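J.: This is the structure, below, for whatever I ask next.
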Amino acid sequence: MKILSFVYHLPLKVARLIFLVPDSRHYLNTLRLFKTKKLYWVKFAIACGTPLVAVILRLTLTPFLPFTTTPFLFGLLSVVLTALITGFWSAMITMVLIIPATIYFSFSPIYSFKITTASQGLSLIIFIVQAVWVSWIIEVMRTALYDSDRKTQMLSASEQKLKFMVEGVRDYATYTTDAQGYITSWNAGGKRLTGYSEDDVVGKHFSMFFIDEEIEERRPWRLLHEVGQKEKLVDEGWRVKKNGTRYWAKVTVLPIKDDKGKTVGYTCLTRDLTRFREASAAVRRSESRFKRLFESDIIGIFIADFNGTVIEANNAYLSLLGYTREDLVSHMITWADITPAEYAEKDRAAIAEAKEKGICSTYEKEYIHRDGHRISILIGYALIEGYKDRCIGFVLNITERKMLEQRKDEFISVASHELKTPLTSIKAFAQILQQHMDRIYDEQSQLYLKKMEVQINRLTELVSDLLDVSRIQAGKLELHKEQFQFDEMVQSVTENLAPVLNKHRIEIKKNESITVYADRPRIEQVLINLVTNAVKYSPGTDRIIIQSSKEKDLIKTSVQDFGIGIPKNKQQKIFDRFYRVEGPRGQRFQGLGLGLYISAEIVRRHGGEIGFESEEGKGSIFYFTLPV
Amino acid sequence: MKKILICDDDPSILDVLQIILEEGGYETERAANGDEVLEKVNTVNADLIFLDIWMPGLQGTDVVKHLKQNEHTKSTPIILLSALNEIESSAKESGADGFVRKPFDMHELLSLVKKYIG
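Top to bottom, those sequences are chains A and B.
The opening position of the first sequence corresponds to residue 62 in our numbering, with each subsequent residue numbered one higher.
The opening position of the second sequence corresponds to residue 217 in our numbering, with each subsequent residue numbered one higher.
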């Protein structure tokens with residue numbers, strides 16, 4: 062087949078070569094070249110060259126052709142050739158050159174520049190007229206051809222650009238339809254979004270993308286009608302993918318118009334909004350939840366900037382402060398106005414924390430009500446995303462709670478005071494009686510009174526513990542630190558406890574002399590607590606060992622007993638408030654269970670640690686450390 | 217005989233203190249509140265003053281301040297009685313010379329008194 066095709070095209074190629082007949086592609090290139098670039102010399106050369114060729118041909122073919130009757134044959138051809146290649150004016154140059162050449166070589170007598178007959182003159186005139194006319198027509202055609210070609214090129218370029226753009230858009234499905242809605246083109250985004258390839262859709266009606274219900278309602282056709290009226294249509298609705306799944310789409314439809322303004326088709330841009338819709342639904346849900354909190358007025362909520370202006374607030378906040386919504390709107394509410402000066406430092410610290418960490422730890426302060434009276438509040442706020450200077454916060458009125466706390470504290474102090482007063486009396490009288498009994502040598506009564514005193518001391522301890530616990534709870538345990546010798550303290554405590562111990566003996570194995578800076582009575586309290594516990598929980602044994610030594614930059618004190626120990630499953634709760642260990646037979650031991658709780662608090666407040674090691678049935682070692 | 221001025225809003229405490237101190241060989245003068253104390257010091261020459269911290273009206277710590285400013289009592293040792301577990305810093309800073317916690321131990325109390333006035 063190939064050989065046949067070659068043979069078929071060969072004579073044409075040869076003829077082209079011989080007769081210099083270009084094909085359209087070459088001609089267009091030549092045309093573009095000579096129309097866009099001036100190239101005068103080339104044109105002149107061609108204008109001169111063609112007559113030359115004509116003359117040569119004339120001379121070589123003279124014996125064979127009747128040049129007497131058609132003297133301007135080759136001349137006209139050369140003018141035409143020049144006109145075709147280089148245009149009108151070059152053709153005129155050729156014409157001008159041809160005239161003398163022809164007169165010289167073709168008019169008899171030949172080889173002279175004389176016109177002798179009338180027919181010679183006539184043929185000359187006819188030649189000129191023909192040459193000019195033909196050149197002119199050729200020029201007109203050339204121009205028309207060139208213009209048309211240029212337009213085509215420009216159109217082709219912009220088509221390319223458009224195609225590129227459309228193909229490039231992958232997030233949007235873009236397709237075009239004809240005026241009736243049949244799909245004429247499809248882009249990569251379309252495939253990506255719907256799953257349909259170009260072959261699947263081209264030629265089909267665009268209603269194929271709609272859901273069945275809408276097709277039944279004839280909605281796609283109504284939309285087409287609307288675009289025709291509006292020039293642009295934006296529609297949101299359900300569409301269907303190739304696999305049948307629905308998606309929420311936003312579609313923009315634009316008409317494609319021809320030169321006369323008649324609609325010849327439509328361009329549709331489709332965007333999948335399903336995720337967006339879900340996201341905005343989620344946002345709306347969370348917004349409405351937030352709105353609910355804001356408007357429910359359970360708690361005061363505000364939005365403020367760090368300059369101190371309250372920008373937005375709910376009613377609870379406003380009524381807390383006694384301001385109206387008008388006050389808020391007119392920016393009357395500023396932190397400077399509503400916060401007493403003594404909290405400025407606290408506010409500054411909290412704002413700094415909020416700026417750094419995003420939120421501030423809640424803190425207590427006071428607001429000044431519009432009336433002038435103060436209210437205690439709990440406040441906390443967080444930076445709002447997207448703003449450097451704005452925060453959203455809550456305010457809780459704790460005035461009542463504070464008053465209650467104050468009353469409670471007062472009550473504790475009063476109760477403690479009241480309870481200790483009769484105890485003071487009783488103890489004192491017990492001691493006075495003891496003295497009297499001593500004077501009259503009534504040992505038995507003395508003994509009873511001593512026992513009474515022990516119980517009074519126990520009661521005193523319990524009352525004290527209760528007072529301590531409530532102060533710890535309120536965060537009001539005060540430490541009064543002083544410097545003292547630790548070993549001295551241990552010694553003194555041991556001596557003071559000796560009379561209380563029945564069968565137990567305290568053995569001080571190690572007692573290093575170290576100076577500590579701590580609240581001495583409180584540390585004594587801790588040691589006494591540990592020893593008392595040791596005694597309490599080791600009935601039947603008689604040894605308590607105390608050791609105190611320096612470890613790095615700490616002083617570690619331990620109290621060891623050989624009693625019932627603490628079972629593993631109860632060890633976690635040892636330091637809990639009110640926790641008391643049961644004996645192996647379920648016996649309850651005396652005490653409120655507060656001792657270790659208080660001791661732990663005291664030790665921790667000093668920056669130390671408290672702990673124990675214990676084995677059921679073998680005994681326990683309780684220890685605490687203090688920084689030196 | 218040395219004289220001790222005792223002040224407490226609770227009469228039972230005053231009773232007990234009186235008995236203990238008189239047993240110890242001291243003379244006692246009673247006052248029921250801060251104002252009474254300040255009055256009495258002008259007429260009574262006390263060698264030592266016992267003051268309850270917590271009283272209605274003038275608090276013990278305020279009384280101390282007044283006493284320390286008064287010519288008569290400037291140098292009189294003052295011992296504060298406290299029902300709380302810890303002697304508060306305000307009490308310590310008031311200028312009092314000693315502190316005793318309630319309920320007190322009779323023997324400790326007497327040795328403290330001895331320390332100041334013998």
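Every residue, glycine too, gets a C-beta built ideally from N, C-alpha and C.
Small disclaimer: the values here were computed from a predicted structure and weren't measured.
Are the C-beta atoms of residue 489 of chain A and some chain B residue less than 7 angstroms apart?
T.: Yes - at least one Cβ of chain B is within 7 angstroms of the one on residue 489 of chain A.
J.: Anything in the stretch 238-249 of chain B with a Cβ closer than 8 angstroms to a Cβ of chain A? List those residues in chain order, please.
T.: The residues in question are 239.
J.: So is residue 102 of chain A buried or exposed if we call it buried at 16+ other beta carbons inside 10 Å?
T.: With fewer than 16 other Cβ atoms within 10 Å, it is exposed.
J.: Taking the beta strand (DSSP E) that residue 572 of chain A falls in, what are its first and last residues?
T.: Note, residue 572 of chain A: beta strand (DSSP E), 566-572.
J.: Residue 484 of chain A touches chain B at which residues, Cβ-Cβ below 7 angstroms?
T.: 319, listed in chain order.
J.: Are the beta-carbon atoms of residue 491 of chain A and residue 464 of chain A separated by less than 7 angstroms?
T.: Against a cut-off of 7 angstroms, the Cβ pair of residue 464 of chain A and residue 491 of chain A comes out as no contact.
J.: Enumerated in chain order, which unbroken segments of the alpha helix (DSSP H) with a length of 4 residues or greater are wholly contained in the stretch 314-378 of chain A?
T.: Entirely contained in the stretch 314-378 of chain A, the alpha helix (DSSP H) runs reaching 4 residues are, in chain order, 335-357.
J.: So for residue 458 of chain A, helix, strand or coil by DSSP?
T.: Note: residue 458 of chain A maps to strand in three-state DSSP.
J.: Using DSSP's beta-bridge definition, name the partner residues of residue 312 of chain A.
T.: Answer by DSSP bridge pairing, in chain order: A:296 and A:331.
J.: Could you check what DSSP says for residue 535 of chain A in three-state terms: helix, strand or coil?
T.: Of the three classes helix, strand and coil, the one that applies to residue 535 of chain A here is coil, per DSSP.
J.: Less than 7 angstroms separating the beta-carbons of residue 572 of chain A and residue 525 of chain A?
T.: Not a contact, by the Cβ cut-off of 7 angstroms.
J.: Distance check for residue 380 of chain A and residue 406 of chain A, CA to CA, integer angstroms please.
T.: So the two alpha carbons sit approximately 26 angstroms from each other.
J.: Chain A partners of residue 262 of chain B, CB-CB under 9 angstroms?
T.: Chain A residues near residue 262 of chain B: none, gap ~21 angstroms exceeds 9 angstroms.
J.: Under 8 angstroms: do the stretch 624-641 of chain A and the stretch 591-603 of chain A share three or more Cβ pairs, one atom per stretch?
T.: Touching, per the Cβ criterion.
J.: Listed in chain order, which residues of the stretch 522-555 of chain A have Cβ atoms closer than 7 angstroms to some Cβ of chain B?
T.: Correct list: 525, 528, 529, 539 and 541.
J.: Tell whether a beta-carbon distance below 7 angstroms holds between residue 200 of chain A and residue 133 of chain A.
T.: Not closer than 7 angstroms, so no.
J.: At a CB distance below 7 angstroms, what residues from the stretch 619-652 of chain A approach chain B? Give them in sequence order.
T.: Residues passing the 7 angstroms Cβ filter: none.
J.: Considering only their Cβ atoms, is the gap separating residue 484 of chain A from residue 337 of chain B smaller than 7 angstroms?
T.: Here chain B comprises residues numbered 217 to 334, so residue 337 of chain B is not present and cannot be evaluated.
J.: Check the DSSP bridge columns for residue 688 of chain A and list the partner residues they point to.
T.: Note: residue 688 of chain A sits in a beta bridge opposite A:615.
J.: Tell me the rounded alpha-carbon separation between residue 372 of chain A and residue 456 of chain A.
T.: About 15 angstroms.
J.: By the criterion of Cβ-Cβ separation under 9 angstroms, what are the contact partners of residue 228 of chain B in chain A?
T.: Within chain A, the residues near residue 228 of chain B are 482, 483, 485 and 486.
J.: Examine the Cβ distances between the stretch 307-317 of chain B and the stretch 279-293 of chain B and report whether three or more of them are shorter than 8 angstroms.
T.: Segments in contact, yes.
J.: Determine the contact status of residue 580 of chain A and residue 689 of chain A, defining contact as a CB-CB distance below 7 angstroms.
T.: No; because the gap between Cβ atoms is not below 7 angstroms, this pair is not in contact.
J.: Let me check understanding here. Comparing Cα to Cα, which of A:202, A:235, A:142 and A:394 lies closest to residue 332 of chain A?
T.: Of the listed residues, the one whose Cα sits closest to residue 332 of chain A is A:235.
J.: Taking all protein chains shown into account, do 16 or more other C-beta atoms lie within 10 angstroms of the C-beta of residue 270 of chain B, making it buried, or fewer, making it exposed?
T.: By the 10 Å Cβ count, residue 270 of chain B comes out buried.
J.: Whose C-beta lies closer than 6 angstroms to the C-beta of residue 654 of chain A among residues of the same chain, with five residues either side of it excluded?
T.: Cβ neighbours of residue 654 of chain A beyond the five flanking positions: 639, 640 and 641.
J.: Mind listing the chain B neighbours of residue 574 of chain A? Cutoff is C-beta to C-beta under 7 angstroms, in chain order.
T.: Near residue 574 of chain A there are no residues of chain B at all, since even the closest Cβ is about 26 angstroms away, more than 7 angstroms.
J.: Between the C-alpha atoms of residue 250 of chain B and residue 260 of chain B, what's the straight-line distance to the nearest angstrom?
T.: C-alpha separation (whole angstroms): 15 angstroms.
J.: Does DSSP put residue 640 of chain A in a helix, in a strand, or in coil?
T.: DSSP places residue 640 of chain A in coil when its eight states are reduced to three.
J.: Please look up how many angstroms separate the CB atoms of residue 40 of chain A and residue 310 of chain A, rounded, as I've assumed it's under 8 angstroms.
T.: Here chain A covers residues 62 to 689 and nothing more, so residue 40 of chain A does not appear.
J.: How many whole angstroms separate the CB atoms of residue 140 of chain A and residue 196 of chain A, which I take to be in contact at a CB cut-off of 8 angstroms?
T.: Right, their Cβ atoms sit about 6 angstroms apart.
J.: So, helix, strand or coil for residue 683 of chain A, using DSSP?
T.: It is a strand residue.
J.: On the DSSP bridge assignment, give the partners of residue 150 of chain A in chain order.
T.: In the DSSP output, where bridge partners are listed per residue, residue 150 of chain A has none listed.
J.: Classify residue 177 of chain A: buried if its beta carbon has 16 or more other beta carbons within 10 angstroms, exposed otherwise.
T.: Result: exposed.
J.: For the stretch 491-525 of chain A, which residues have a beta carbon sitting closer than 8 angstroms to at least one beta carbon of chain B?
T.: Residues 492, 493, 496, 517, 521 and 525.
J.: Determine the closest residue to residue 34 of chain A out of A:388, A:681, A:657 and A:220, with distance taken between C-alpha atoms.
T.: This structure cannot settle anything about residue 34 of chain A, because the visible part of chain A is limited to 62 through 689.
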